[in-house]
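Undergrad:
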Amino acid sequence: MTSTSHSEAPRVAVVTGSSSGIGRAVVETLAARGQRVLAVDFNPEGRAVAESAGAHFFEADLTDGAQCRGAIDTAVEAFGGVDILVNNAGIQHVADIAHFPEEKWRQILDLMLTAPFLLTQAAWPHMQRGGWGRIVNVASIHAKVASPGKAAYVSAKHGLIGLTRTAALEGGEHGITANAICPAYVRTPLVEKQIADQARLNAMDEAEVVEKIMLAGAAVKRLIEPAEVAELVAYLVSDGAAAVTGADWGIDLGWTAR
């Protein structure tokens, strides 16, 4: 059951991949709305980003299970618990299957699928004890469709939808919801790198990549801004979204409308 007294207090949020892009926007949005936020990132420059938003910072390599658990332990030590988990950290590598490096495959799966599982597992008992929890997994339009050259990324994101649905089914009786967000191309450093990679892979210039690959299937012909994704996260972690769970939310410029 959801605790009514719990809803009156600021909640504790752990946000991964927090130094730039979507993660930074989520940290800033949740902190501005009064949540106590632990920002988690591999990049030590994320500390200044977190502090500027009024958040705490934890530097971690989330391909290491002990550091995943350490992030949750740090939030509990600093704030007394964990109520919200936003799994956002991600990387990309573009290559066809025949030439995809095994070490990159393993790194991407470890960071983008195993780490969300381990973080969820570590946060779960704290949410369960409070009778309230919100898990938001930042997936991708590539959790629903595939693109050439992205075998590991697409596989991890498809798996993240499965993890989300399972967590929703197991969490319902404990007041824990789990949802995934599936954005199309967001204006982030990761996407900027993808533009360059796709240009090389497809022998195009970067403007052609944006027009002919990234926005070819979109009804709205622009990149998504990180703040737009953060607003959806803010809704999904609110009391108003208590009945919303197990869903994969498209924010995809109309990509999947066809």
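Numbers 1 to 258, taken from full-length UniProt numbering, label the letters of the sequence shown in order.
Beta carbons are placed, not taken as given, at the ideal position from N, Cα and C, and that holds for glycine.
At what residues does the alpha helix (DSSP H) containing ALA196 begin and finish?
TA: Run containing ALA196: 189-202, per the alpha helix (DSSP H) assignment.
Undergrad: Excluding the 5 residues flanking GLY159 on each side, which residues of the same chain have their C-beta closer than 7 angstroms to its C-beta?
TA: Hits under 7 angstroms: LEU113.
Undergrad: Report the residue from VAL210, ALA167, ASN179 whose alpha carbon sits nearest the alpha carbon of SER140.
TA: For the residues VAL210, ALA167, ASN179, the minimum Cα distance to SER140 belongs to ASN179.
Undergrad: ARG47 by DSSP, collapsed to three states: which one?
TA: Note: ARG47 maps to helix in three-state DSSP.
Undergrad: According to the Cβ coordinates, are ILE224 and VAL209 closer than 8 angstroms?
TA: Contact: no.
Undergrad: Identify whether VAL27 lies in helix, strand or coil by the three-state DSSP scheme.
TA: In the structure shown, VAL27 sits in a helix (DSSP, three-state: H, G or I).
Undergrad: Helix, strand or coil for PRO183, going by three-state DSSP, please let me know.
TA: Three-state DSSP puts PRO183 in a strand.
Undergrad: Does the stretch 66-84 come close enough to the stretch 43-50 that 3 or more CB-CB pairs lie under 8 angstroms?
TA: Not touching, per the Cβ criterion.
Undergrad: Would you mind stating whether VAL186 and GLY21 have Cβ atoms separated by less than 8 angstroms?
TA: Against a cut-off of 8 angstroms, the Cβ pair of GLY21 and VAL186 comes out as a contact.
Undergrad: Straight-line CA distance for ALA227 to TYR153?
TA: Roughly 23 angstroms separates the two Cα atoms.
Undergrad: If I measure Cβ to Cβ from VAL76 and keep anything under 7 angstroms in the same chain, skipping five residues before and after, which residues do I get?
TA: Correct list, in chain order: VAL82, HIS126.
Undergrad: Tell me which residue opens and which closes the beta strand (DSSP E) that ILE108 is part of.
TA: No beta strand (DSSP E) contains ILE108, which is instead part of the alpha helix (DSSP H) from 102-109.
Undergrad: I think ALA53 touches VAL27, with their Cβ atoms under 8 angstroms apart; what is that distance to the nearest whole Å?
TA: Contact flag correct, Cβ pair sits at about 5 angstroms.
Undergrad: Rounded to a whole number of angstroms, what is the C-alpha to C-alpha distance between ALA98 and GLN92?
TA: One C-alpha to the other measures close to 17 angstroms.
Undergrad: Pick out whichever of GLY130, ASN88, ALA60, ARG11 has its Cα sitting closest to the Cα of ALA230.
TA: Comparing Cα-Cα distances from ALA230 to each of GLY130, ASN88, ALA60, ARG11, the minimum goes to ASN88.
Undergrad: In or out: GLY17 buried (at least 16 other Cβ within 10 Å) or exposed?
TA: Classification of GLY17: buried, given that the 10 Å Cβ count is 16 or more.
Undergrad: Quick one: using the 10 Å Cβ neighbour count with 16 as the cut-off for buried, is ARG106 buried or exposed?
TA: With fewer than 16 other Cβ atoms within 10 Å, it is exposed.
Undergrad: Does DSSP classify THR245 as helix, strand or coil?
TA: Correct three-state label for THR245: coil.
Undergrad: I need the DSSP call for GLU59, collapsed to helix, strand or coil.
TA: Correct three-state label for GLU59: strand.
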